[in-house]
Each structure stands twice: as C-alpha cells, then as structure tokens.
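Residue numbers (mature numbering (1 follows the signal peptide of the UniProt record, and there is no 0)): -20 to -1, 1 to 191.
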C-alpha cells in the first residue's frame, strides 16, 4: 500500500514539473524580440533633393526661410511715413513696347514683391530688401511667356515665304536694392522678364540656301 501511494505521488510531481517546463517554453517562444537598429539608415543615400520653386529663373517671388526680415525692418525703421515702391527701371533698347498692342503670344503676368534676384541662373541668390511694415516695398510687373520659346505666332497671317513669326521673351533692366551681406544694402542691376512678343526671323531652310 505504501509503495503504491509513493508511486502515485512521484507520478503527480513529474507531471507538474513537465507542465511547468512546457508553460515556461511557451512563454519564451511567444515573445519574439527584435534587436534595435545599430544606425539610422533613413538617409543612407543622402537626403532627398528639395525642389527649388525658382529653379531656372533669375528672380523669385517666394520668401525663403532664411530671409533677413528683421535686418531690413531695422534699416528702414522710421524713414518713410508713406509707402514707397521701388525698384528703379533702367531705360534700355530692349523696351517692352505698347502694352495695348496685340502680339499674339500668351503670357503670364504678375505684380508682386520679389525676394531674391541674381544676374543669371548660375549665380548666387541675392536677398531683395522688403520692409512693408516700414513702408518700403519693391514690386515689379513681371510678364513671362506662357509657352516655350520659338512658338509660332500670327499663324493666320501669311508673310514672306522666307520668314517665320515666333514668340520671344523680352527683358528690361531693373536696379534692385539688395542685402550686401554686411548688415546694409546695395543696388544690383538685373534683367527681368518684361513681355512676350512676336518677332519675325529667317527660316532655317532659307539660311541654309544662302550659306
């Protein structure tokens, strides 16, 4: 009797130990832990290039994040009691012409403050002085061809066979007040789009025959 009771007790103990071991293994297997990243690979191939909204232009009407507004406010503080508008137009041979005449070339016109200019598209941007809170503004009427250059114009009218009419972007010279990067300002002359006009030119076929 004693031997039978001892055997039953040992069997129950073994079952409990086995069940505990299985439960322990189940818990360890159910919790899968992944190691953390050793380094941030989010910019492994460099940061994405942010598109420049004024790329390919020598002017920009969008205010950049690093625009020195406080510097310009301090420069013009208390100087003007009424709003003044610049910049100065420099008269050149490439004039816009009569705005009431039709030139058959589609264009986009805007009249708003400019915040950056540069002599050409490869040069460094220069910050244009704007301080509307101190009554100093630099606004320019900009007219840009809506379509690429050399688009035919006045196609309903027949001209000489050796000539063709195409749209051309025309520019005017403006003297703009910009930041001199020394805490002050200086003037900078830049060519800015003034109109999109229709011009006649010799056809390429005619040029080849005469060459």
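We put the CB at the ideal spot given by N, CA and C, even for glycine.
Remember, it's a predicted structure, so these values are computed and weren't measured experimentally.
May I ask which residues mark the beginning and end of the alpha helix (DSSP H) holding residue i?
i: residue 53; result: 49 to 56
Can you tell me which residues form a DSSP beta bridge with residue i?
i: residue 86; result: Answer is none; residue 86 lacks a bridge partner.
i: residue 135; result: Answer is none; residue 135 lacks a bridge partner.
i: residue 34; result: Bridge partners of residue 34: none, in fact.
i: residue 108; result: 158
i: residue 120; result: 92
Would you report the Cα separation of residue i and residue j, rounded to the nearest angstrom?
i: residue 127; j: residue 63; result: 35 Å
i: residue 196; j: residue 86; result: Since the first residue of the chain shown is -20 and the last is 191, residue 196 is not available in this structure.
i: residue 134; j: residue 48; result: 46 Å
i: residue 40; j: residue 102; result: 14 Å
i: residue 171; j: residue 55; result: 26 Å
i: residue 58; j: residue 35; result: 36 Å
i: residue 142; j: residue 182; result: 6 Å
i: residue 166; j: residue 136; result: 48 Å
i: residue 124; j: residue 108; result: 20 Å
i: residue 111; j: residue 65; result: 11 Å
Residues in the same chain with beta-carbon distance under 7 Å from residue i, minus the five sequence neighbours each way, listed in chain order, please.
i: residue 163; result: 51
i: residue 100; result: 38
i: residue 120; result: 67, 94, 154, 172
i: residue 25; result: Confidence at residue 25 is low in this model, with a pLDDT of 38, below 50, so its placement is unreliable and the value that follows should be read with caution. None.
Excluding sequence positions up to five away, which residues of its chain have a Cβ less than 8 Å from the Cβ of residue i?
i: residue 178; result: 83, 84, 85, 133, 134, 145, 146, 147, 148
i: residue 151; result: 74, 171, 172, 173, 174
i: residue 61; result: 115
i: residue 33; result: 40, 42
Round the Cβ separation of residue i and residue j to the nearest angstrom and send it over; I've been treating them as touching at under 8 Å.
i: residue 157; j: residue 93; result: Incorrect: roughly 12 Å between the Cβ atoms, too far for contact.
Whose C-beta lies closer than 6 Å to the C-beta of residue i among residues of the same chain, with five residues either side of it excluded?
i: residue 131; result: 147
i: residue 43; result: 95
i: residue 105; result: 96, 98
i: residue 180; result: 143, 145
State the start and end residues of the unbroken beta strand (DSSP E) segment that holds residue i.
i: residue 64; result: 64 to 66
i: residue 180; result: 165 to 182
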